[in-house]
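Asker:
Protein chains: 2
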Amino acid sequence: MSPRHSNAVAAETRESIVREAVQRASREGLEALTIGTLAADLDMSKAGVIGPFGSKEALQLAAIEAGNAIFRREVWEPVAELEPGLERLTAICDAWLAHLSGGVFPGGCFITAAAAEFDGRPGPVRDAVNSTLTLWLRVLAGEAKAAVANGELPAGTDPRQVAFELNSIAMGVNQGLQLRSDPRAVQHGRRAMERVLAPGR
Amino acid sequence: MSPRHSNAVAAETRESIVREAVQRASREGLEALTIGTLAADLDMSKAGVIGPFGSKEALQLAAIEAGNAIFRREVWEPVAELEPGLERLTAICDAWLAHLSGGVFPGGCFITAAAAEFDGRPGPVRDAVNSTLTLWLRVLAGEAKAAVANGELPAGTDPRQVAFELNSIAMGVNQGLQLRSDPRAVQHGRRAMERVLAPGR
Chain H
0 MSPRHSNAVA AETRESIVRE AVQRASREGL EALTIGTLAA DLDMSKAGVI GPFGSKEALQ
60 LAAIEAGNAI FRREVWEPVA ELEPGLERLT AICDAWLAHL SGGVFPGGCF ITAAAAEFDG
120 RPGPVRDAVN STLTLWLRVL AGEAKAAVAN GELPAGTDPR QVAFELNSIA MGVNQGLQLR
180 SDPRAVQHGR RAMERVLAPG R
Chain Y
0 MSPRHSNAVA AETRESIVRE AVQRASREGL EALTIGTLAA DLDMSKAGVI GPFGSKEALQ
60 LAAIEAGNAI FRREVWEPVA ELEPGLERLT AICDAWLAHL SGGVFPGGCF ITAAAAEFDG
120 RPGPVRDAVN STLTLWLRVL AGEAKAAVAN GELPAGTDPR QVAFELNSIA MGVNQGLQLR
180 SDPRAVQHGR RAMERVLAPG R
């Protein structure tokens, strides 16, 4: 096998392990990821599973990165070409609700689950989840700020308040869908987001 | 030891195990509760820890019941004597925010964490978490319905929408406090709740 071919195979193996880890962690949590279970799922040896990462924590961090990439692809990339402001923020909300109800993660929003799981456990995994969410809240606040500058949201609107509220609503939708299988969750979320983005209407 | 005395000791032992389980589960999750860790924390034998419950699942369910009792004591009981409607719903929100920021659970809202952890794992623990949240959403919706009947919220307000939004906001506050140690989380939550309870203002 040429070195180049062997590198490609190694990258593919790593990717398939991370993909399986993301699926499993979205259902059962990042901490419940065990090398043994992943090895059984993938019909690999334990050494083969852990090899490309070196530690369980590195595998958890790789799963978070892969989860982030899925979120970016589903929620950010479709709207990235739009101008900053209310139109893009509304498009983000639509894509976000579609993402939450689309079932790409079998256990619901990956980062929300990881946040609840790791908020009380200091360390690199908690830091990675925190960075992800902080970045996303900044993106949302940036859009809200642009919407205020465009005159699309009332002057005096606090962009961080808008970001906080949209993120809270998405968490509520995720809980409604995942825990309570509530068919009205997306509709409730949509109405709540509309109210945040069209205050006074 | 008289049978009555021995029963009292047994009840006390059970209670101290559940108390420790609630504290630990709020930080690390219900699934991470291990009999061995609890035994070490409490300086007891593993058999002594599991004895009063019979299974880890029964202990998890007892921890959920104890967590619910704490929530009722902190959020519901202080307002129970008020008349149903906007005043009581506002008082609930105040007590809820105080509860979330008060640190009674070292790892933040116990049920939110359990919901994120168990939403993808069917079984009695998930059912218990679901029942708890469904009941609480019904309480909130009942207050909103009374507020509409009193003319304190606009006619046509969907009480379940109000319940969904208040619960979402509480989740956002919990995440802000626990994961991001955001000092503005409670203020954001209070403003968002005020907006839900005073639409158009």
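As they're listed, the protein sequences go chains H and Y. Those letters in the first sequence? Residues 0 to 200, per numbering that gives the first Met the number 0, in order. Those letters in the second sequence? Residues 0 to 200, per numbering that gives the first Met the number 0, in order. Think of the CB as a built atom: it goes at the ideal place given N, C-alpha and C, for glycine as much as any other residue.
1. Going by alpha carbons, who is nearest to ALA94(Y) out of GLY84(Y), PHE70(Y), VAL138(Y) and ALA184(Y)?
2. Would you identify the three-state DSSP class for ARG120(Y), choosing helix, strand or coil?
3. Quick one: what does DSSP say PHE52(H) is sitting in, helix, strand or coil?
4. Determine the DSSP secondary structure at PRO182(H), reduced to helix, strand or coil.
5. Over what stretch of residues does the alpha helix (DSSP H) that includes ASN166(H) continue unbroken?
6. So, helix, strand or coil for VAL103(H), using DSSP?
7. Please confirm whether ALA24(H) and ALA61(H) have their CB atoms less than 8 angstroms apart.
8. Taking DSSP as the reference, what is the three-state secondary structure of MET43(Y)?
9. Measure the beta-carbon distance from GLU30(Y) to ALA114(H) and round it to whole angstroms, keeping in mind my assumption that it falls under 8 angstroms.
10. Check the C-beta distance from ASP118(H) over to GLY107(Y) and give it rounded, since I have them as a contact under 8 angstroms.
11. Select from the region 40-73 of chain Y all residues with a C-beta closer than 9 angstroms to any C-beta belonging to chain H, and list them in chain order.
12. Listing by chain order, which chain B residues have their CB less than 7 angstroms from the CB of ILE91(Y)?
13. Please name the residue in VAL8(H), ALA184(H) and LEU196(H) whose C-alpha comes closest to that of THR156(H).
14. Name the chain H residues that come within less than 8 angstroms of MET170(Y), Cβ to Cβ?
15. Tell me, please, whether the CB atom of SER100(Y) is closer than 8 angstroms to any CB atom in chain H?
16. Which residues, taken in chain order from the region 16-31 of chain H, show a beta carbon closer than 9 angstroms to some beta carbon of chain Y?
17. Do ILE49(H) and the ligand ATP come close, with the Cβ less than 7 angstroms from some heavy atom?
18. With a Cβ-Cβ cutoff of 8 angstroms, do LEU231(Y) and ASN166(Y) count as a contact?
19. Closer than 8 angstroms, CB to CB, is PRO158(H) near chain Y or not?
20. With a threshold of 8 angstroms between beta carbons, is GLY35(Y) in contact with chain H?
21. Against chain Y, does ALA140(H) count as a neighbour if the rule is that its beta carbon must be under 8 angstroms from one of theirs?
22. So, at 8 angstroms on beta carbons, what are the nonlocal neighbours of ARG183(Y) in its own chain, with the 5 sequence-adjacent residues on each side left out?
23. Using a C-beta to C-beta distance shorter than 8 angstroms, which residues of chain H count as neighbours of ASP126(Y)?
Answerer: Walking through what the data contain:
1. PHE70(Y)
2. coil
3. coil
4. coil
5. 158-177
6. coil
7. no
8. coil
9. GLU30(Y) to ALA114(H), Cβ: 16 angstroms. No contact.
10. 6 angstroms
11. none
12. Among the protein chains of the structure shown, namely H and Y, there is no chain B.
13. LEU196(H)
14. SER167, MET170, GLY171 and GLN174
15. no
16. SER25, ARG26, GLU27, GLY28, GLU30 and ALA31
17. In the structure on display, the ligand ATP does not appear, and there are no ligands present to speak of.
18. Look at the range of chain Y in this structure, 0 to 200, and you will see that residue 231(Y) is not part of it.
19. no
20. no
21. no
22. GLY175
23. None at all; the shortest Cβ gap to chain H is about 10 angstroms.
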